[in-house]
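Input: a single structure, listed below in structure tokens.
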Ligand SMILES: [Zn+2]
């Protein structure tokens, strides 16, 4: 189901809130659509933006955390002990592309420029996750790891989980080579025709959202609980797109926090 984020500006940063999550009263969840930057620590100019974000949600900037994303399907459970990881202190959490917590006031951050951010909330067990799923993570079904860890470690029931697919390169725009089909064979053998849309003789358009929806449904997440903000990074100049700008440093911030 498509949803429309509500946008507001705070200290020149444009925040786009995920209402379907925020309306539960349990979380703040958003993505930024300007002031994009290289997120890698240390980055002095971005720290002032994190201060704006921490003021907005009334937490310390030391309560924000991130991992060093490397297109894996590894998902890490973070606690208060991880506060500031990758934000106010260097991160030792490399090779993780998803973060889960059940602790309040710990802002989980992810960064994208065409890759797919996926927000998770179990409103029953009060557990959240933020996942970075580019084509590699999507092929490796990182969302499956996230849901399995929410269920295995926190007693969540997949039927209760709400998943929101954030802005990303859409299936009309995301051109890929034939060789990528090989990478998707393990987890999507029967659905390759749905995910890869023929374009030219050796090119396809890849439907990352479609693949993620298949993964989520297979994990037991209910279709009615899967939402998409339905915005394409390649088509929208206020979003970050590596394909459009070839910038290796600009990323959008996507984040969720339990209140
Ligand atoms: Zn598009």
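Numbering (my numbering), first residue to last: 34 to 292.
Cβ atoms here follow ideal geometry from the backbone N, Cα and C, with glycine treated the same way.
Nothing here was measured: the structure is a model prediction, and the numbers come from that model.
Distance cut-off 6 Å: residue i Cβ against heavy atoms of ligand 1
i: residue 90; result: no
i: residue 273; result: no
i: residue 203; result: yes
i: residue 267; result: yes
i: residue 206; result: yes
Boundaries (first-last residue) of the alpha helix (DSSP H) holding residue i
i: residue 61; result: Here residue 61 belongs to no alpha helix (DSSP H); instead the beta strand (DSSP E) covers 60-65.
i: residue 162; result: Unbroken run through residue 162 is the beta strand (DSSP E), 160-166; no alpha helix (DSSP H).
i: residue 278; result: 275-278
i: residue 248; result: 241-251
C-alpha gap between residue i and residue j, whole angstroms
i: residue 123; j: residue 233; result: 44 Å
i: residue 274; j: residue 198; result: 16 Å
i: residue 59; j: residue 53; result: 11 Å
i: residue 287; j: residue 151; result: 9 Å
i: residue 243; j: residue 195; result: 16 Å
i: residue 143; j: residue 163; result: 7 Å
i: residue 166; j: residue 204; result: 15 Å
i: residue 147; j: residue 250; result: 23 Å
i: residue 218; j: residue 171; result: 12 Å
i: residue 36; j: residue 157; result: 22 Å
i: residue 169; j: residue 50; result: 27 Å
i: residue 65; j: residue 237; result: 30 Å
i: residue 263; j: residue 206; result: 13 Å
Residue i burial status per 10 Å Cβ neighbour count (16 or more: buried)
i: residue 279; result: exposed
i: residue 112; result: exposed
i: residue 211; result: exposed
i: residue 173; result: buried
i: residue 231; result: exposed
i: residue 276; result: exposed
i: residue 114; result: exposed
i: residue 185; result: exposed
i: residue 155; result: buried
i: residue 240; result: buried
i: residue 270; result: exposed
i: residue 285; result: buried
Delimiting residues of the beta strand (DSSP E) encompassing residue i
i: residue 289; result: 285-291
i: residue 227; result: No beta strand (DSSP E) contains residue 227, which is instead part of the alpha helix (DSSP H) from 225-228.
i: residue 55; result: Looking at the DSSP string, residue 55 is not in any beta strand (DSSP E); the run it does join, the alpha helix (DSSP H), is 52-55.
i: residue 43; result: 39-43
i: residue 259; result: 259-261
*For the segment 69-153, list the beta strand (DSSP E) runs that are entirely contained and at least 3 residues long, ordered along the chain.*
DSSP runs (the beta strand (DSSP E)) wholly in the segment 69-153: 108-110, 131-134, 140-145.
*Scan the segment 185-212 and note each continuous beta strand (DSSP E) run of 3 residues or more that stays entirely inside, going in chain order.*
DSSP runs (the beta strand (DSSP E)) wholly in the segment 185-212: 195-198, 208-210.
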